[in-house]
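S.K.: Attaching a single structure in structure tokens format; questions to follow.
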Amino acid sequence: MAGTLSGAVLTYLFGRRSALRTERTARREQIRADRISAYLAFAEAVTDCRRAAYDGWHRQHDRSDQDVVAEASAEYYRYRSAAEHALLRIKLVASDAREIVGAAREALDAATQVQRAKDESHVTELGDHAARKVDTFIAVAASQIQ
Numbered sequence: 002m003a004g005t006l007s008g009a010v011l012t013y014l015f016g017r018r019s020a021l022r023t024e025r026t027a028r029r030e031q032i033r034a035d036r037i038s039a040y041l042a043f044a045e046a047v048t049d050c051r052r053a054a055y056d057g058w059h060r061q062h063d064r065s066d067q068d069v070v071a072e073a074s075a076e077y078y079r080y081r082s083a084a085e086h087a088l089l090r091i092k093l094v095a096s097d098a099r100e101i102v103g104a105a106r107e108a109l110d111a112a113t114q115v116q117r118a119k120d121e122s123h124v125t126e127l128g129d130h131a132a133r134k135v136d137t138f139i140a141v142a143a144s145q146i147q
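Positions 2 to 147 (this note's numbering) are the ones given, in order, by the sequence shown.
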């Protein structure tokens with residue numbers, strides 16, 4: 002009887018330990034998936050913001066109809082707002098918030114600068130700079146989810 006009882010206790014203890022390990026692994030994987038989702042959503046939003054800034058700049062400088070300019074401006078601010086919201090999500094899920102939030106903020110700031118370009122070549126220069134900042138953000142994000 003003592004053997005059966007000790008066997009049952011050991012089975013329970015090993016089973017519990019295994020269940021806890023499985024739970025910790027599942028929790029880590031969920032956090033990783035949440036981070037990937039947040040980082041991807043931000044990269045998409047800031048890329049859309051950059052594209053909308055390009056479009057708005059061109060509409061403004063091509064002497065487009067004022068309604069078209071206003072629509073492009075509204076679209077830019079929608080995308081910028083989406084990027085700001087995605088940045089908030091990063092702040093919630095990041096393990097090293099300072100590094101990833103810094104890279105995200107730099108990418109968003111660079112994307113918003115596109116609309117302030119002086120001329121066509123400056124638009125291209127600022128757009129390329131913003132794209133590099135997004136690439137830097139992605140590299141930092143990738144290092145945090147490995």
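Quick reminder that beta carbons are idealized off the backbone N, C-alpha and C, glycines included.
1. Going by C-alpha distance, which of Val69, Ala44, Gln67 and Gln147 is nearest Ala84?
2. Leaving out five residues on either side along the sequence, give the residues of the same chain with a beta carbon under 7 Å from the beta carbon of Asp97.
3. Can you tell me which of Ala39, Arg36 and Leu109 puts its alpha carbon nearest to the alpha carbon of Val47?
4. In three-state terms, what does DSSP make of Ala105?
5. Once DSSP output is grouped into helix, strand and coil, what is the label at Lys134?
6. In terms of residue numbering, what span does the alpha helix (DSSP H) encompassing Arg90 cover?
7. Is DSSP giving Gln147 helix, strand or coil here?
8. If we define contact as Cβ-Cβ less than 9 Å, is Ala143 a contact residue for chain C?
M.R.: By the coordinates alone:
1. Ala44
2. Gln145
3. Leu109
4. helix
5. helix
6. Gln67 to Val94
7. coil
8. The question asks about chain C, but that chain is absent: this structure has only one protein chain.
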